[in-house]
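Asks:
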Amino acid sequence: MKRLVVGIGMSAALAATAAAQMPTYGVRVSIDKQVDFAAFKTYSWTPGQPSADKMVDAGVIAAVDRELSALGMSKATSGPDVMATYYSVRRTDVNLKAKPDSEGRLPQYWVGTLVVALLDPGSRERLLRLRIDKPIEIEPAKLQVTIDSAVAALFAKYPTRRK
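Letter by letter, the sequence shown follows residues 373 to 535 in our numbering.
1. In chain order, which continuous runs of the beta strand (DSSP E) of length 3 or greater are located wholly inside the stretch 489-523?
2. Check the DSSP bridge columns for Leu-486 and list the partner residues they point to.
3. From Ile-508 to Thr-532, what distance separates their C-alpha atoms?
4. With DSSP as the reference, please indicate the residues paired to Gly-398 in a beta bridge.
5. Just mark Ala-489 as buried or exposed, buried being the case when its beta carbon has 16 or more other beta carbons within 10 Å.
6. If you follow the alpha helix (DSSP H) that Ser-441 is part of, which residue opens it and which one closes it?
7. Tell me Thr-532's beta-bridge partners as DSSP assigns them.
8. Over the uninterrupted beta strand (DSSP E) stretch that includes Ser-450, give me the two end residues.
9. Quick one: what's Gln-480 bridged to in DSSP?
10. Is it buried or exposed for Glu-497, if we count other Cβ within 10 angstroms and need 16 for buried?
11. Between Gln-516 and Asp-425, what straight-line distance do the alpha-carbon atoms span, to the nearest angstrom?
12. Excluding the 5 residues flanking Thr-396 on each side, which residues of the same chain have their C-beta closer than 6 Å to its C-beta?
13. Per DSSP, what kind of secondary structure is Ala-387 in: helix, strand or coil?
14. At which residues does the beta strand (DSSP E) containing Ser-416 begin and terminate?
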C-alpha cells in the first residue's frame, strides 16, 4: 500500500512538472483598475524594446497606431494623455510530445512575444499591459498579417472593449 501511495505521489509530481513546462499561448492583460481608459484621447510613443528587424518594428507601430485610432485616440506631439510602448522577443519552442525525425531532432517552431504597454506620461507607471505569446510565421510575405492579427488580439482585450 505504501508503494502505491508513493507511486501515485511521484506520478502526480512528474505530471505537474511536465505541465509546468508546457508553454502557454494567448493574451494576458494587466490593468490598473483605478484608471478610466475611456478618458484617453491622445498618445505618443516612448522607446521600449523594439524588434531589431526594422520591418517588424514599423509593422508593430503601424498596427498599434491603427488600434489606438480605432479607440478614438490620436497621436500628440506634446502633452499626451498616455505614452505607448512595446516590447518584442522571438524564441524557439520545441514540441516535446512529437516523434523525433530520422536524425533524432524534435520539431521546432518560432514563437513571438509581443507586449504593448500604456504608461502614465508623468510618472511612467504602467497603466495597461497587453501581452501575447503565439507561434509565428516569419516568412516576409506573411509577417505583416501575423503582426496585425497579434495586435488585434491584444486590443480586443482593451478595457473599454471588455464586458
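Built from N, CA and C at the ideal position, the CB exists for glycine as well.
Replies: Considering the structure as presented:
1. 498-507
2. Ser-460, Ile-504
3. 28 Å
4. Asp-505
5. buried
6. 426-442
7. Answer is none; Thr-532 lacks a bridge partner.
8. Segment: none, Ser-450 is in no beta strand (DSSP E) and carries neither H nor E.
9. Val-466
10. exposed
11. 12 Å
12. none
13. Confidence is the limiting factor: at Ala-387 the pLDDT is only 48, short of 50, which leaves the residue's position unreliable, though a coordinate-based value still follows. Of the three classes helix, strand and coil, the one that applies to Ala-387 here is helix, per DSSP.
14. 414-417
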